[in-house]
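For reference, the structure is listed below as structure tokens.
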Amino acid sequence: MNNIIKSGDDYFIIEKIVPNATVSLPFTATLYQIYRVVYNVSSEHELYIDNERVDSLSPTFKQQLKYILGYEPTSKETKIKKIKLVFAGHYTSLIAIPKSSIISIPDILTEPKFLALELLSYGDDDIKNIRLYGNGNITFHSANGGLDDPIAMARYNKKTKKLTQINSSGEFSALMRTLSGQL
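Each residue of the sequence shown is one higher than the last, beginning at 1345 in my numbering.
Here you go:
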């Protein structure tokens, strides 16, 4: 029987900073491309109409009739979990003028502005307001002796609003394997 999938509250976010190939001079704009991938831990639910289990792809005539007559379908969560890709895309961070300790520059010019180009993105980002880049509690790490682009990973719970950094790709892989064991 086929079940329905409902999104859960746990999300995994990966962001990678890719500097654009622009000339970086003092007192010029700073432009970064941030690639973002968001996964959701979802749960499988069984569907019921009038306490009778329904195959979501091929309900019986009796179940269809009950639905038409106003019987409300209910669902029951199973122990099966799925990790699904919900968003893959990028946004751009633009800082008009860098901060200076010599002269006073208005904050509006030194704070990053985020621009998203949805045309080249996959899926919908349910938690687009939760960004790793620009968050003072999140640290980006570069692998390969600092030669690779900086990357940060985190786990976010939508219900508790808790954002927890994942410190390495090994830790991320272990967490995914642990979740896969529960799936």
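Note that CB positions come from ideal geometry on N, CA and C, so glycine has one too.
A quick note: this is a predicted structure, and the numbers were derived from the prediction, not measured.
1) Checking 8 Å against the spacing of the C-beta atoms, do Thr1498 and Thr1483 come in under that value?
2) Leaving out five residues before and five after Glu1421 in sequence, what residues of the same chain have Cβ atoms less than 7 Å from its Cβ?
3) Run the CB neighbour count on Tyr1466, radius 10 Å, all protein chains shown included, and call it buried at 16 or more, exposed below.
4) Roughly how far, in whole angstroms, is the beta-carbon of Val1385 from the beta-carbon of Leu1523, given that I think they are within contact range, below 8 Å?
5) Terminal residues of the continuous beta strand (DSSP E) containing Lys1506?
6) In this structure, does DSSP put Asn1501 in helix, strand or coil?
7) Going by Cα to Cα distance, which pick from Leu1391, Leu1375, Val1430 and Val1362 is closest to Gly1352?
8) Any idea if Gln1407 is buried or exposed, counting beta-carbon neighbours within 10 angstroms, 16 or more meaning buried?
9) In the DSSP assignment, what residue or residues form a beta bridge with Pro1450?
10) Report the option in Lys1423, Asn1501, Pro1417 and Val1381 whose CA atom is closest to the CA atom of His1434.
11) When you compare only the Cα positions, how much space is there between Ser1448 and Glu1455?
12) Between the C-alpha atoms of Leu1527 and Ile1427, what's the straight-line distance to the nearest angstrom?
13) Within a Cβ cutoff of 6 Å, which residues of the same chain sit near Lys1502, ignoring the five residues on either side of it in sequence?
14) In whole angstroms, give me the CA-to-CA distance for Leu1438 and Phe1356.
15) Residue ranges of each beta strand (DSSP E) run of no fewer than 3 residues wholly in the stretch 1360-1415, ordered along the chain?
Taking the coordinates as given:
1) The sequence as given places Ala at residue 1498; Thr does not occur at that position. No, the pair does not count as a contact, with Cβ atoms beyond the cut-off.
2) Ser1387 and His1389
3) exposed
4) 7 Å
5) Lys1506 to Ile1510
6) strand
7) Val1430
8) buried
9) In the DSSP output, where bridge partners are listed per residue, Pro1450 has none listed.
10) Val1381
11) 14 Å
12) In this predicted model, Leu1527 has a pLDDT of only 47, less than 50, meaning its place in the structure is not dependable; the value taken from the coordinates is given anyway. Their backbone Cα atoms lie some 8 Å apart in a straight line.
13) Asp1353
14) 25 Å
15) 1374-1393 and 1396-1398
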